[in-house]
Each structure stands twice: as C-alpha cells, then as structure tokens.
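Written out below as structure tokens is the structure these notes cover.
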Amino acid sequence: GFWFELAATTDDLPEQAELARKAGNRLLITGVLLGIAGVLALANTFIATQATMLVLGFVLLAGGVMNAVQAITCRKWNIALLDFLAAAIYIVAGVFFLLRPVAAAETVTILLSALFVVGGLIRFVGALAMQPAHWGWMLFNGAATLLLGLLLFAGLPISGLIGPGLLVGVDLLCGGATAVAFGVQARRAVRRQERGELRTVTKTAA
C-alpha cells in the first residue's frame, strides 16, 4: 500500500534531486547562521566595526606575507621589486588596522562614503540619461546609494565608529535571507518532484 509506494518513490529519486535536497539544507543552515551573525552585528555596531577592522588587518598581513614569499622566490628582479613593494604596503596597512582599529574604521568609512557618492551619481545620471528597462529602480538605487554616502561623510567621526559594522550587519542579514530563500526553493522543488513520482508509482500500481 502506501508505505510500499513511498519506499519506491524514495528509491527511484534521481541523484540530482538528492543533491538538490542536500544543497537546500546547507543553504538553510548557512542562511540562519548568517542571519544570526547579522543580528549580533547590528546589536552592537561598534564591536562589529572593531572586529571587521581586525579581520581586515589579518587579511592584509597575510597578503603581505604571501607577496613577500613570492618576491623571494621570483627570479626576475623587477617583478620581485614590485612584490616587495606590495608586501610592504600590505604589511604596513595590516599593522595599522590591528594597532589603530578606530582610526582605520574612520579611514574605511571615508573611502566607503566616496565610493557610495561616486557610484550613486553614476547610477542616478545613467538612469536619467539612458532610461533602460525598469530604470525607475536604477534611479532609486542611485539616489539611495548617493544619500548613504553623504550621510556617512556628514556623520564623521561618529559614523566611522559604527558605519562599517552597520554595513557588515546589513550585508550579513541580506546574505542570510538570500541563502534561506534559495534553500527553501530547492526543498520545495524536491518535494514537488517527490509528489510527482509518488503519483506515477500510484498510477502504475493501479
């Protein structure tokens, strides 16, 4: 009866469906973890900002060490000189981020505000000039990005203490929501396929 049909459906489930089920579960778990991390970051943006600067500092140091190793092993002196220069810049920046996280956060905020202002202006003017499909959303995106950049710059130095952490928290939340949405979609697709195969087995048995 029913249990035989269910077992037949499970046994005949294609390998791609099993992969989709596992991928959906991984996406759900990853999305939930990212969402929790985003909530924690938004709950204390100052600590999140300091943690972000420390992570960036270690990443810069690692990049500097890798460039130094590459320079030592390189046989051409001109390329080795460029690698040594890049390694020095990375190491100095990494030490600065680790020893002066507050000043580093303010520097990053200034750079982010400049990028947002330039990027927002490009999107805003491009939307008005070209008016592509759904150009209203492009116009809104440009205006919002421009406003965010101006707010970050106007809020210095306070925005330098919380701005990077706030952006990281929002990014984690958005990434978590996206991962959960894809995970749910994958699980729904597998369930639809299972129901379709169950109907096929039922008709064959009848």
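Going by our numbering, the first residue of the sequence shown is number 5, and it counts up by one from there.
Note that beta-carbon positions come from the ideal geometry of N, C-alpha and C, so glycine has one too.
In this structure, 177 is the residue among 105, 177, 189 with its C-alpha nearest to the C-alpha of residue 43.
The three-state reading of DSSP puts residue 178 in helix, counting H, G and I together.
With respect to the C-alpha of residue 50, the residue from 167, 78, 186, 81 having the closest C-alpha is 167.
When C-alpha distances from residue 117 are compared across 75, 38, 155, 189, the shortest belongs to 155. Below 8 Å, too few C-beta pairs join the region 122 to 133 and the region 54 to 74 to call them touching: fewer than three. Excluding the 5 residues flanking it on each side, residue 46 has same chain C-beta neighbours closer than 6 Å at 173, in chain order. DSSP places residue 26 in the helix class (H, G or I) of the three-state scheme. The alpha carbon of residue 179 has as its nearest neighbour, out of 27, 25, 29, 38, the alpha carbon of 38. Between the region 144 to 164 and the region 107 to 121 there are three or more inter-stretch CB-CB distances shorter than 8 Å, so the stretches are counted as touching. If the five residues before and after residue 108 are omitted, its C-beta is found closer than 8 Å to the C-beta atoms of 57, 60, 61, 100, 101, all from its own chain and listed in chain order. Considered as a whole, the region 110 to 149 harbours no complete run of any alpha helix (DSSP H) with no fewer than 4 residues.
The Cβ neighbour count for residue 182, taken over all protein chains shown within 10 Å, is under 16; the residue is labelled exposed. For residue 160, there is no enclosing alpha helix (DSSP H), since its DSSP letter is neither H nor E.
In this structure, 189 is the residue among 92, 189, 161 with its C-alpha nearest to the C-alpha of residue 30. In the structure shown, residue 71 adopts helical secondary structure according to DSSP, grouped into three states.
Between the alpha carbons of residue 142 and residue 171 lies a gap of roughly 20 Å. Around the beta carbon of residue 87, 16 or more other beta carbons lie within 10 angstroms, which makes this residue buried.
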